[in-house]
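First residue of the sequence shown: 1, per the UniProt record's numbering; consecutive thereafter. We put the beta carbon where it would ideally sit given N, CA and C, even for glycine. Below is one structure, written out as structure tokens, with a few remarks after it.
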Amino acid sequence: MSYDSVISSAVKKLSSKTPFFGLKLWPLILISIGVLILLLLILKFCCARRRSSKYGHYQLNKPESSRDAISKTPSSALLLSRNALPSETDIESSGGRWSSREGYRCSSTKSGQLKHWNSIGGIKQYTLEEIETATNEFADENVVGSGDYGIVYRGLLFDHSRVAIKKLVFNNGKLMDFIQEVEAMWCIRHKNLVKLLGYCTQGTYKMLVYEYVDNGNLKHWLHGTGGDVSPLTWNTRMNIILGIVKCLVYLHEDTEPPIVHQNLKSSNILLDRQWNPKVSDFGLSKLLGPDWTLSSARPTGTSGYMAPEYSGTRILDEKTDVYSVGVLIIEILSGRSPVQRRGDGTEVNLVEWLNSVLRDQNIIHVLDPKLPEKPNKKELKRIILIALRCVDADAENRPKMGDIIHMLEPRDLLLSDGRVTRTETFRRNPDSN
């Protein structure tokens with residue numbers, strides 16, 4: 001049989017009619033192929049939707065009892081059921097839901113032990129050689145600060161990215177416990193938190209590697225020796241306050257168990273080039289363990305920020321964080337240090353000073369004289385009232401962080417009408433100067 005005859009026979013068969021509605025064979029073959037391709041595309045789409053619904057968006061759990069959770073649960077369980085690690089903008093824009101487009105995942109077992117894995121990337125473990133190269137062998141000129149937790153160095157990695165490296169002062173404790181705590185901290189992300197990138201536990205060192213925030217800290221810009229006019233305008237200061245509170249709302253109310261910062265002060269509020277606040281040092285007191293907590297009754301430089309009940313209870317919880325935020329608000333408004341010495345050598349803290357100014361009905365004297373422009377009195381009084389609510393001597397009367405967010409909006413200012421407080425004189429004289 002010749003080649004031409006084979007072709008002719010095949011064409012004849014394809015052109016012959018079939019019992020199926022009298023259609024020819026070749027259109028039926030084309031239709032079958034098209035249907036098969038369509039079914040495969042539908043199947044692929046369904047599989048993709050199923051994976052997306054499994055890892056896409058999950059509601060953050062709300063803590064049942066904040067204080068009990070902090071005291072009883074290790075921070076290695078600072079993870080959410082079926083969590084997917086979000087980007088910082090996702091936390092702000094998705095209404096309290098996780099988004100896992102990056103593929104990072106963190107979870108915990110029922111026993112509270114951390115299980116960590118990732119599909120694209122995860123927390124980086126740096127070698128000591130990388131750290132020493134980045135900091136030029138921990139050169140003094142690369143020291144950017146020191147405090148209760150350790151010394152902070154600026155560093156330049158091989159990829160030319162700048163980082164801040166915190167060399168911790170307390171090296172005791174089990175290595176695996178330390179790593180679990182660090183990995184749990186890495187899962188906590190918010191645009192107003194300094195981002196943890198990795199760690200190093202080589203040799204006798206325990207070090208944490210953070211993003212580098214290159215515009216100094218709030219303490220420097222409030223109290224540093226600058227010109228007669230501060231670059232921190234009224235709107236900039238209000239945005240800083242709002243960013244700090246948003247971060248604390250996330251730590252207190254959107255993580256399980258809730259996280260208490262325990263060491264809020266202006267030197268721990270870093271600022272980027274757009275004056276956005278970045279809260280640093282969260283979780284470090286838990287990370288360093290009970291030995292550090294017992295040996296450090298009160299972290300250096302926090303006396304003016306510490307709630308009065310702490311001296312008796314030695315308990316740091318959400319309410320003590322709220323008190324510290326109140327002091328920070330007064331500090332940002334006034335440009336004054338949290339503790340100052342009088343001429344007779346005695347000390348006065350910011351809360352005492354503010355109450356004395358309000359008793360004298362000199363509200364305008366609360367403002368930082370270096371402010372380039374002054375707010376109107378109504379706005380100033382509103383922010384002062386919020387600060388006074390936060391520093392109430394009775395911890396039970398202090399608002400929650402979530403309430404403070406609403407109080408920072410004029411239409412949602414929450415005041416207690418039936419309760420006499422330290423602000424009574426101030427409220428009775430709303431038009432006083």
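On a Cα-Cα basis, can you pick out the residue from LEU287, VAL213, ILE241 that is closest to LEU175? Proximity to LEU175 across LEU287, VAL213, ILE241 peaks at LEU287, based on C-alpha coordinates.
Contact set for LEU385: own chain, Cβ-Cβ below 6 Å, skip 5 residues either direction: Taken in chain order, the list of residues that qualify is empty.
Provide the residue(s) that pair with PRO257 in DSSP beta bridges, ordered along the chain. Under DSSP, no beta-bridge partner is assigned to PRO257.
Could you tell me which residues DSSP puts in a beta bridge with SER146? In the DSSP output, where bridge partners are listed per residue, SER146 has ILE151.
Could you compute how far the alpha carbon of ALA184 sits from the alpha carbon of ILE269? Those two C-alpha atoms are separated by around 22 Å.
For GLU309, the nearest candidate out of GLU181, SER146, VAL391 (CA to CA): The candidate whose alpha carbon is nearest that of GLU309 is VAL391.
Reduced DSSP secondary structure (H/G/I, E/B, other) of ASN192: Correct three-state label for ASN192: coil.
According to DSSP, simplified to helix, strand and coil, what is CYS390? DSSP, read as helix, strand or coil, puts CYS390 in helix.
Going by the CB atoms, is the gap between ARG162 and LEU168 shorter than 7 Å? Contact: no.
Using the beta-carbon count (16 or more within 10 Å), is THR135 buried or exposed? With 16 or more Cβ atoms within 10 Å of its Cβ, THR135 is classed as buried.
Counterpart residues of TYR199 in DSSP-defined beta bridges: Looking at the DSSP output, TYR199 sits in a beta bridge with GLN125, LEU208.
Nearest residue (CA-CA) to ILE165, options TYR210, LEU193, LYS374: Closest option to ILE165, Cα to Cα, is TYR210.
Grab me the residues of ARG342's own chain with a C-beta within less than 8 Å of its C-beta, minus the 5 sequence neighbours each way, in chain order. Closer than 8 Å at Cβ, skipping near neighbours: VAL348.
Terminal residues of the beta strand (DSSP E) in which ILE315 lies: No residue range can be given for ILE315, since it is assigned to no beta strand (DSSP E) and is classified by DSSP as neither H nor E.
The alpha helix (DSSP H) enclosing LEU218, as first and last residue numbers: Segment 218 to 223, the alpha helix (DSSP H) holding LEU218.
How is the alpha helix (DSSP H) around ARG359 delimited, first residue to last? Where ARG359 is concerned, the enclosing alpha helix (DSSP H) stretches over 350 to 359.
Along the chain, where does the alpha helix (DSSP H) containing VAL182 start, and where does it finish? VAL182 -> alpha helix (DSSP H) spans 175 to 186.
8 Å contact criterion, which VAL249 and MET401 should meet: CB distance rounded: That pair is a contact at about 4 Å.
Run the CB neighbour count on LYS191, radius 10 Å, all protein chains shown included, and call it buried at 16 or more, exposed below. With 16 or more other Cβ atoms within 10 Å, it is buried.
Selected residue, minimal CA-CA separation from ASP403, among LYS246, PRO231, GLN361, THR320: ASP403 has its Cα closest to that of LYS246, out of LYS246, PRO231, GLN361, THR320.
Sequence-distant residues of the same chain with beta carbon closer than 8 Å to GLN125, five excluded per side: Excluding sequence neighbours, GLN125 sits near GLY198, TYR199, CYS200, THR201.
Apart from the five residues just before and just after ARG389, which ones in its own chain have a Cβ nearer than 6 Å to its Cβ? Hits under 6 Å: PRO399.
Assuming ILE330 contacts LEU350 (C-beta within less than 8 Å), just tell me the rounded distance between them. Rounded to whole angstroms, the Cβ separation of ILE330 and LEU350 is 5 Å, and the two are in contact under 8 Å.
In whole angstroms, what is the alpha-carbon distance linking VAL322 and SER311? So the alpha carbons of these two residues sit roughly 16 Å apart.
Report the option in ASN235, ASP281, PRO277 whose CA atom is closest to the CA atom of residue 466. Any property of residue 466 remains undetermined from this structure, which presents the chain solely from 1 to 433.
Separation of HIS223 from LEU379, as counted between CA atoms: A quick correction: the sequence has Glu, not Leu, at residue 379. Cα to Cα, the separation comes out at about 23 Å.
Can you give me the C-alpha to C-alpha distance between LEU193 and SER32, rounded to a whole angstrom? Between the C-alpha atoms of LEU193 and SER32 there is a straight-line separation of about 57 Å.
Taking LYS219 as the reference, give the member of PRO258, ILE240, ASP360 with the closest Cα. It is ILE240 whose Cα lies nearest to the Cα of LYS219.
Would DSSP call GLU309 helix, strand or coil? In this structure, DSSP gives GLU309 a state outside helix and strand, which the three-state scheme calls coil.
Please report the straight-line C-alpha distance between HIS252 and GLU318, rounded to a whole angstrom. Here the C-alpha atom of HIS252 lies approximately 7 Å from the C-alpha atom of GLU318.
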